[in-house]
Amino acid sequence: MNETVTMLEHLLLIDSDREILVAFQRYLERKQFSVATADCGEEAVLQLQYRQPDLIVIEPVLSDCWAPNILKQFQLASKGIPIVALSNCNRCNVQLPFSAYFIKPISLVHLLEGIQAVLNGSLEHPQSQRIGAAKNWETP
Numbered sequence: 003m004n005e006t007v008t009m010l011e012h013l014l015l016i017d018s019d020r021e022i023l024v025a026f027q028r029y030l031e032r033k034q035f036s037v038a039t040a041d042c043g044e045e046a047v048l049q050l051q052y053r054q055p056d057l058i059v060i061e062p063v064l065s066d067c068w069a070p071n072i073l074k075q076f077q078l079a080s081k082g083i084p085i086v087a088l089s090n091c092n093r094c095n096v097q098l099p100f101s102a103y104f105i106k107p108i109s110l111v112h113l114l115e116g117i118q119a120v121l122n123g124s125l126e127h128p129q130s131q132r133i134g135a136a137k138n139w140e141t142p
């Protein structure tokens, strides 16, 4: 018997708010993604060393460090890993090659749509893309 094994796309979610991480992780795992999370820069570095993600969603300003320090350490931009910002401000002064910029609050549906669009390369103008806002983090 020849079985086909489908590899789940692996996401790394980095945000200082644990509630957001848990909600996003549960939802995205139900949508057939493999998801690792980190709520601080140190944990993010460990996750990056453990397994290379297919996509990173990161809060540009973490409580213990700036996202650029994490990403520069691993030179992820040059490895072609899409990096998506998730922030509660329209544009933080962070000079990174983001594939998209998600604005908090964001619904889980919009988060999923944005991640899928980045992964399949269907964003028309990714550097200026703002992925939909919502009033809460609840599952649809």
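Residue numbering for the sequence shown follows my numbering, beginning at 3 and increasing consecutively. We put the CB at the ideal spot given by N, CA and C, even for glycine. Note that this is a predicted model, so its numbers are computed, not measured.
With a Cβ-Cβ cutoff of 8 Å, do residue i and residue j count as a contact?
i    : j    : result
F35  : L10  : yes
P84  : V120 : yes
L88  : L30  : no
V111 : S101 : no
G116 : F104 : yes
How is the alpha helix (DSSP H) around residue i delimited, first residue to last?
i    : result
V47  : G43 to Y52
I108 : Premise fails: I108 is in no alpha helix (DSSP H) and is neither H nor E.
L30  : R20 to R32
Using CA coordinates, which residue listed in the options is at the minimum distance from residue i?
i   : options                  : result
A40 : E31, L110 and I58        : I58
L1  : H112, I16, N122 and S124 : Outside the displayed span of the chain (3 to 142) sits residue 1, for which this structure offers no information.
R53 : L125, V37, A102 and P84  : V37
E44 : D56, S18 and H12         : S18
D56 : G82, L48 and L110        : G82
K33 : V47, L125 and H12        : H12
Under 6 Å Cβ to Cβ from residue i, same chain only, skipping five residues before and after it: list those, please.
i   : result
E21 : none
Q27 : V37 and T39
Tell me which residue opens and which closes the beta strand (DSSP E) that residue i is part of.
i    : result
L217 : Given a span of 3 to 142 for the chain in the structure shown, any question on residue 217 remains unanswerable.
L57  : L57 to I60
L88  : I85 to S89
S36  : S36 to A40
So, for residue i: in the same chain, excluding its five sequence neighbours on each side, which residues have a beta-carbon less than 7 Å away from its beta-carbon?
i   : result
N90 : K106
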